[in-house]
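Position one of the sequence shown corresponds to residue 1 (UniProt numbering), numbered consecutively onward. Note that the Cβ used here is the ideal one computed from N, Cα and C, for glycine as well. From a predicted model like this one, the values you see are computed outputs, not experimental measurements.
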Amino acid sequence: MCLLWIFFPFIFFFFFFFFFFFFSPETTIPICAKDISDDLMKEFAFLSGGRGKDKAWIITLPDNARFNEVPEEVVSKVLTYLTSVPSQHESDTKFILILDRRLDTWTSVKTTLQKIASFPGNLHLVMVLRPTGFFQRTFTDIGFRFSQEDFLLKLPVVMLSSVSDLLTYIDEQQLTPEFGGTLEYCHSEWVIFRTAIESFALTVKEIAQMLQSFGTELAETELPDDMYSIERILALRTEKYYQLKEDITAVTKEGNLLLSSFEEPDSEECSQDQHHERPGDWETVNRLLGQLHEMETAFDGFWEKHQLKMEQYLQLWKFEQSFQESAIEFLMGQQAEVPDTGDSILQVKQRLKDLAHFDGMAQDLIGKAQVVILHGHQLAANHHYALNLICQQCNELRHHSDVLSDEIKRKQVRLQKTLDLHTRLQQALQCCDEGAYLLANQQMDKCQSKEGAQKALQDIEKFLENSSAYLNYDPQALHYDFESVLTSELKVMQVKLENVRSMFENRQSCFKKLLDKHVRPVQLVAPRPENPPRSKSPLFSPKHKNNILFFFLYFSHVINELIETERVYVEELFTVLTGYRAEMDNPAMLILMPPVLRNRKDVLFGNMPEIYDFHNKIFLHSLESCLGAPERVGFCFLDRREDFQMYEKYCQNKPRSESLWRQCSESTFFQECQRKLEHKLGLDSYLLKPVQRLTKYQLLLKELLKYSTSCDGVQELQEALVAMLDLLKSVNDSMHQISITGYDGDLSELGKVLMQGSFSVWTGHRKGPTKMKDLARFKPMQRHLFLYEKALVFCKKREEHGDGYDKTSSYSFKHFLKMNAVGITENVKGDHRKFEIWYSGREEVYVVQAQTVDLKMAWLNEIRKILFKQQELIKGTFDQFLHGIHSAAELFLFSHC
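If you want it as structure tokens, here you go:
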């Protein structure tokens, strides 16, 4: 992860600061004293620091017997360096040259003047102290008189007879002692100080480059994905920071030591003019120290912000690790597999036990989630730079925790209610059986006497008194309490209780008549208790093998779960195809089949045989080969992504299949097939299996990705997840597409459905008369939009009349826009969720409002992709036109494309 975006403002500041420093006049010196120290030490020219009355700097060429032996390029280099020193402090510098040739000859004077003819600076005046010897002075006067015009054209030369003549141009305080002045100057010390100053400036520049390099390294280094490595990088950078600080301290100490060797200008005792006449060494060093201090201050500020950002980044990394490890979504998927009802007391108790186990795990995870949320709130309170992301993840974690807790509680309440109902049903039905047994075993011959009838009546009344809690259930109250759990079982129990109560009332009536009238005994026949077959109700059905498989709940077993559920899925498809579809061709079952079902197995089952063959012969074997190589799971999905398109055909047929099933679901044919297969669920549940399986794949791939971040094949797993999510979206969009009505044409000609959804739409027109209904339309139209590759279709969603499964949605076609004439405007005033779609140069304008900003951006991105592809297509067509199309007819076609 590159952190340049975090540190960009600070890096920009550093680049600006270093640019200013590197290219300042004080550090841009073409020649250094160190490079020409040997030539400087010959002292054939020096800069004493003195200045003339016109403020020109004085360069002295003292009497030097070997000056004529010095090469002209060496003289030029030394003079260039000497003129560059004052130029660092002020612009438009002027110079005065003093040639001391009092002990020399006219030949030497002439040679010197020729050598300095190409002076590198702004030479204001050349003052020559001519030879003092009688003959040489005479030769000099004569020679200069005859050569004066040549020299004056190149140099402003003044011949002086004595040192006192210098005072006409230069004050005594600005002259060195050899010229009768008071200005102290030591050439060897000056060279040493200049070398030290320039070395210090170079060191400061190197420090600046080191800081720049360090800042760039901090900004452009990609951070690893593990906490240990990040902490180690932070420790190394901290160590390097302190090392740089030590280097800056050492350089600062060197600069202060160098500064202390110069006399600080006294602003109170010296005038402004005197202050500027100093060589400027103190000012140079002091300015470099100031820049070094500013650089250190800026670096400290940058490091402080960088360290804060790095620590916050590390905190964010730990927070996201804790967020990913919360595993609440995984547990939600696991608990979702536990049904919230059951067919028997034993089954319900087992499911309550399983749910209690999940509840314990959930409480642990929710506790950990609360710690993560608290950590996130602490980061937010400390003004973390990723505040929005942290708050979003905290809200998401809190939402998942609440949903998981509420779902487990809901299932516990529902299962407990189911258990209560099963217990009551069992008690009531047991009471019915006991009552029927009592009536059936009463000896009717003994009941002919008054005593026998009275004894039998007492037995009945005693039983009714003891069983009143069960026999006197209010059917309506029971139906109200348990309708959401088991309605069919309540009806069975209600019928049986009515039958038993009726039998007891009849028997009581007979015995009471015997006791009241004392007539001839009536021969009573023991009634047969009406007991509906229990096999018609799931409560009384035999115990079957549970088809719901619970696989490994822990992270390392997700691959095994994928393979095992794939095997179960293949087996279920096989049982459906052999136990139902094949039976539709069985002559023995033909008599049980409704006429509407005959010859319509392709409608009922769709392309399920094709799906079964693919999974049984190809995909299951591919997954099983991954047991020893789990990194191959992603390749399995990617290699077969085209084969999964067969699910789109199956899902598009699903409405026709469901419609046919609803017509025949109660037929004897399906009941007999289900009995043979010993299935607890009807065929409609198994026809839904392919859709459920398609959804299950993306959930399992997400789980694999969660715990495979550092394993091989992660990229392929990510691509496989994207492919399965795209397939689900494509299937969902195609399911909506088949519900479009009123379109006069073939929708497949518009290309693939890319997106679909409901929007609020306002319309407007640039041309033509304005209709009153357009002016009055302040409220938006509700439209369902379908984005195809070649068109944008506007529909109105309609709810069909009907109840239950018969109630379906349809989309009434209104109009469409061709994408090659569509334009978009991203932002519309008033609401960030709105955007504009305009047609044919804004001849028609549609303001579209999405439900969320994210949904709006998703649609805009998809539309941009289509428009970009069209531009590329037009560009390609244009290139072909330039290279190969010559006829006017083809040109006409191109202009209308």
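DSSP state of residue i mapped onto helix, strand, coil
i           : result
Phe44       : coil
Leu79       : helix
Cys32       : coil
Phe669      : helix
Ala456      : helix
Lys752      : coil
residue 898 : In the structure as shown, the chain begins at 1 and stops at 897. Residue 898 is therefore absent and cannot be evaluated.
Ile116      : coil
Ser91       : coil
Tyr385      : coil
Gln849      : strand
Glu222      : strand
Met781      : strand
Asn547      : Because Asn547 carries a pLDDT of 29, less than 50, the predicted location of this residue cannot be relied on, and no value is offered for it.
Glu268      : Reliability of the predicted coordinates at Glu268 is poor, the pLDDT of 49 falling under 50, and no value is obtained from them.
residue 906 : With the chain covering 1 to 897 only, the question about residue 906 has no answer from this structure.
Gly52       : coil
Lys829      : coil
Glu642      : coil
CB contact flag (residue i, residue j, <7 Å)
i           : j      : result
Val822      : Tyr846 : no
Lys779      : Phe794 : no
Gln692      : Leu725 : no
Ser760      : His784 : no
Lys94       : Asn68  : no
Met593      : Phe669 : yes
Ala201      : Leu258 : no
Gly751      : Lys790 : yes
Leu623      : Glu566 : yes
Leu700      : Leu717 : no
Ile390      : Gly376 : yes
Met310      : Leu234 : yes
residue 923 : Val74  : Residue 923 falls outside the range modelled here, since the chain spans only 1 to 897, and no answer is possible.
Pro120      : Thr60  : no
Phe605      : Asp643 : no
Thr176      : Leu183 : yes
Phe835      : Glu826 : yes
Val348      : Thr418 : yes
Phe193      : Asp281 : yes
Ala45       : Val70  : no
Met589      : Lys601 : no
Pro189      : Gly181 : The sequence as given places Glu at residue 189; Pro does not occur at that position. No.
Tyr241      : Trp303 : yes
Asp340      : Arg414 : yes
Whole-Å CB distance - residue i paired with residue j, under 8 Å assumed
i      : j      : result
Phe319 : Val372 : 7 Å
Leu457 : Lys512 : 7 Å
Asn616 : Met646 : That pair is no contact at about 14 Å.
Val157 : Ile207 : Contact doesn't hold; Cβ gap of about 47 Å is too wide.
Tyr686 : Val568 : That pair is no contact at about 12 Å.
Val128 : Leu160 : 7 Å
Leu573 : Ile618 : Going by Cβ atoms, the distance from Leu573 to Ile618 rounds to 14 Å, so no, they are not a contact pair.
The alpha helix (DSSP H) enclosing residue i, as first and last residue numbers
i      : result
Glu719 : 714-737
Ile345 : 345-381
His621 : 620-624
Tyr743 : It is not in any alpha helix (DSSP H) - Tyr743 carries neither H nor E in the DSSP assignment.
Leu123 : It is not in any alpha helix (DSSP H) - Leu123 instead sits in the beta strand (DSSP E) that spans 123-129.
Met227 : 227-260
Leu638 : 633-639
Val570 : 558-576
Unbroken beta strand (DSSP E) run spanning residue i, endpoints
i      : result
Phe813 : 809-818
Gly823 : 822-825
Asp100 : 95-100
Ala791 : 791-799
Thr60  : 57-61
Beta carbon proximity, residue i to chain D, threshold 7 Å
i      : result
Lys654 : Among the protein chains of the structure shown there is no chain D, as only one such chain exists.
Legend entry - Continuous alpha helix (DSSP H) assignments of at least 4 residues falling wholly in the stretch 178-213: none
Legend entry - Runs of beta strand (DSSP E) wholly within the stretch 596-620 (minimum 3 residues, chain order): none
Legend entry - Length at least 4, wholly inside the stretch 649-696: the alpha helix (DSSP H) runs in chain order: The qualifying runs are 668-677, 683-687.
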